[in-house]
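Each residue of the sequence shown is one higher than the one before, counting from 0 in numbering that gives the first Met the number 0.
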Amino acid sequence: MQTPTPSTAAAPAGALGADATLAAQAINAVKIYGRGDTIVRALDDVTVGFRKSQFTAIMGPSGSGKSTLMHCLAGLDKLTQGRIVIGSTDLSTLNDRGMTQLRRDRVGFVFQAFNLVPTLTAKENITLPLDLANRKADPGWLDSIIAALSLGPRLSHKPTELSGGQQQRVACARALATKPEIVFADEPTGNLDSRSSAEVLSFMRTSVRELGQTVVMVTHDPVSASYAERVVFLGDGRIVDEMDDPTAQKVLDYMKNVGA
């Protein structure tokens, strides 16, 4: 098995700060929950960057901090110490309104639960973030997303009339509708069968390669991770390794070797 490359977590403090090739980065990130005897250090001095137009998977055992890292990167949770930067914007400099605008306009989200509005059609769910922001959709961009996800025949259907895989593809289209700088996906195929999972993951990879999107995905599944160009491994709240050009077997072998 090819040895994973060293983690960027070894970079000195602030080393990533001026890198224009990064869509998002955590710098000396610390997240602590609880206090006293119940204290949990979910993130322990994490420094890592995510390059633009790249598909990165974050992996690690339960409790390793992978979802906490994603939630802090996406502005859904706040660090105890350290910095999160999206593009050139330090999230610690934003007030509540600024954070809301950033999440609405510059970040896309895909979660394990599809979170579609049941009373809206597929197309209305896709354009919902734009409607809430009083922004007009780019017809060409939307058409390219809908075509890539093969959703054209389903646009007038409500979520209850769609399969789980189709609902998640609608959620993916919604995440990309605003042309976000980065899309965060938290176990996006956790509720899907293998065929639907492959469809969603293939689109994520296509959105990176053909649409120039940046995707960061948390997953526990080596097969899902193999769709990414890079895997970042967490353990006990720290970045412990990386792997470029992963395959399902390489990821599985690595996880077996470290007991993940």
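Glycine included, C-beta positions come from ideal geometry on N, C-alpha and C.
No experiment lies behind these values; they were computed from the predicted model shown.
Annotated as proximal: E180 and V106, with beta-carbon spacing under 8 Å. Note on the stretch 180 to 243: whole alpha helix (DSSP H) runs with a minimum of 4 residues are 193 to 208, 221 to 224, in chain order.
Ranking T218, G74, M69 by CA distance to the CA of T99 puts G74 first. Using a C-beta cut-off of 8 Å, the stretch 123 to 132 makes no contact with the stretch 65 to 82, since fewer than three inter-stretch Cβ pairs fall below that distance. The beta carbons of K51 and T20 sit closer together than 8 Å. Rounded to whole angstroms, the separation of the alpha carbons of H156 and T79 is 43 Å. Comparing alpha carbon positions, the residue from D192, W140, T46 closest to V29 is T46. Residue state for Q248 is assigned as helix, using DSSP reduced to three classes. Counting only runs of 3+ residues, the beta strand (DSSP E) found wholly inside the stretch 97 to 184 occupies 106 to 110, in chain order. Here DSSP, grouped into helix, strand and coil, assigns T55 to strand. Beyond the five residues adjoining it in sequence on each side, P245 comes within less than 6 Å, by CB distance, of A224, S225, V230 in the same chain, given in chain order. When the alpha-carbon of T188 is set against those of F202, Q24, I145, the nearest one is in F202.
One thing to note: A136 has its Cβ no nearer than 8 Å to the Cβ of R103. Along the stretch 22 to 84, the alpha helix (DSSP H) occurs as fully enclosed runs of 4 or more residues at 65 to 72, listed in sequence order.
With a 10 Å radius around the Cβ and a threshold of 16 neighbouring Cβ atoms, V207 comes out buried. Rounded to whole angstroms, R96 and A247 show a C-alpha spacing of 41 Å. Nearest in C-alpha terms to S162, of all of D142, E186, W140, A121, is A121. CA-to-CA, the gap between D142 and L175 works out to about 12 Å.
By the neighbour-count criterion, in which 16 or more other beta carbons inside 10 Å mark a residue as buried, Y32 falls on the exposed side.
CA-CA distance, M254 to S63, rounds to 13 Å.
The Cβ atoms of M58 and T218 sit closer than 8 Å to each other.
Residues of the same chain with a CB within less than 7 Å of the CB of A172, apart from the 5 flanking positions on each side, are I125, I144, I145, L148, L150 in chain order. With a 10 Å radius around the Cβ and a threshold of 16 neighbouring Cβ atoms, P152 comes out exposed.
Setting aside the 5 residues that flank it on each side, L90 is surrounded in the same chain by G74, I83, each with a C-beta closer than 6 Å to its C-beta; the list follows chain order.
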